[in-house]
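The structure appears below as structure tokens.
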Amino acid sequence: MKVFVYELPPKYNTDWLANERCSSHLFASEVAIHRALLTSEVRTFDPYEADFFFVPVYVSCNFSAVNDFPAIGHARTLISSAVNLVSTEYPFWNRSRGSDHVFVASHDFGACFHTLEDVAMADGIPIILKNSIVLQTFGVIHQHPCQEVENVVIPPYVSPESVRSTLEKFPVTGRRDIFAFFRGKMEVHPKNVSRRFYSKRVRTEIWRKFNGDRRFYLQRHRFAGYQLEIARSVFCLCPLGWAPWSPRLVESVALGCVPVVIADGIQLPFSSAVRWSEISLSVAERDVGKLGKILERVAATNLSVIQRNLWDPRTRRALLFNNNKVQEGDATWQVLVSLSEKLGRSQRRSSVAGQLKSDT
């Protein structure tokens, strides 16, 4: 398999790196994938031999001056401009109507480019992307306007360096003195925003039901040692926010804490490489009040089996993006394997692993 990486003007990508957070926040997979592809053996400089064309547009690095979160109101305009550029300067977009072109949309609702689900669903995916392949963190198992495009569900970005640093202090097999852990936004009185409540009130119910329960370590404010807390925990709660996915999912797996996924219908990334049913728990949103009993039952029965599966280093590797290179089994590797499966050519699929190994 061969991938041609468009060399776009820096206003579409590298100019955004002036803000250091661009390459390290939870949406930074768009940067990591681009960097890894630049040095990968699957990259070709001859577009005529390419199977796929990667369009490196960073749309998650425009941080809001109001709340310091990524603002993506410019995303559609920036991507439209990039498509106009590649379609006028190269023949390949028009040749396939963009069907072999790959974009990253690592935001709440993927290529719908909005943080509120109602607006995202109403706006839908831009017409210019409808025929393309989108790598996006958003994924659900039911029909949804924000995944009505050929897509690959990818994990959110978590710094592999921070994970390695934490594991040096707290290895996955070390003592875990926190039974159930969650740190994050839990509104006591959730606000009605566009007829929706944050986390569908799931996080509010977690706080209401288990704050004060000695089995649960719940915190509502940020803390620099957050990953150390995960590494000390047996179970890590991963409830939905506005969107079903969360970086907690990756952090929990990477640091050996059993993820407790509370997000109905979520589609988890790289299911062919990560055996989610063997390393995590799924709790229905309606059953959040029963978390204590559910976790106690697991702890008394098959916890050791789940942990043994979870602590396999191949599982951690599959969910982490490495900057500047593709490493065998890592998240960019999994992206390339997923793309190779879309080729529909058995000889290509059988050779892709061999090509990727030369990157390591």
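Residue numbering for the sequence shown follows full-length UniProt numbering, beginning at 1 and increasing consecutively.
Beta carbons are placed, not taken as given, at the ideal position from N, Cα and C, and that holds for glycine.
- In the DSSP assignment, Tyr226 falls within the alpha helix (DSSP H) that extends over 226-231.
- Annotation for Glu150: the continuous beta strand (DSSP E) segment containing it runs 150-153.
- Taking all protein chains shown into account, His142 has fewer than 16 neighbouring C-beta atoms within 10 Å of its C-beta and is therefore exposed.
- Within its own chain, the residues whose Cβ lies closer than 6 Å to the Cβ of Tyr6, once the five positions on either side in sequence are excluded, are Val55, Val86, listed in chain order.
- By the C-beta density criterion, Lys200 is buried, having at least 16 other C-beta atoms within 10 angstroms.
- Spanning the alpha carbons of Lys169 and Ala120 requires a straight line of approximately 41 Å.
- Assignment of Ile141 by DSSP, reduced to helix, strand and coil, places it in the coil class.
- The distance from the Cβ of Ser282 to that of Cys257 is about 15 Å, inconsistent with a contact at the 8 Å cut-off.
- Gln219 has Arg183 as its beta-bridge partners, per DSSP.
- In this structure Phe4 is in contact with Phe53, their Cβ atoms being roughly 5 Å apart against a cut-off of 8 Å.
- Annotated three-state conformation of Phe4 is strand, per DSSP.
- With fewer than three CB-CB distances shorter than 8 Å, the stretch 200-219 does not count as touching the stretch 149-168.
- Collapsing the DSSP output to three states places Phe197 in a strand.
- In the three-state reduction of the DSSP assignment, Ile72 falls in the coil class.
- Here the alpha carbons of Arg316 and Val83 stand approximately 35 Å from one another.
- Taking 8 Å as the cut-off, the beta carbon of Leu339 is found no closer than this to the beta carbon of Asp330.
- In the three-state DSSP reduction, Ser132 falls in the coil class, being neither helix nor strand.
- Within the same chain, Cβ atoms closer than 6 Å to the Cβ of Arg248 are found at Cys238, the five residues on either side in sequence being excluded.
- Per DSSP, the continuous alpha helix (DSSP H) segment holding Phe92 begins and ends at 92-96.
- In the three-state DSSP reduction, Pro56 falls in the coil class, being neither helix nor strand.
- DSSP places Val104 within a strand segment (E or B) once states are collapsed to three.
- By alpha-carbon distance to Asn211, the top candidate from Ala180, Gly241, Phe235, Pro259 is Ala180.
- Around Ile262, the same chain offers Val202, Leu237, Cys238, Pro239, Leu240, Val283, Glu285, Val288 as residues with beta carbons nearer than 7 Å, after the five sequence neighbours per side are excluded.
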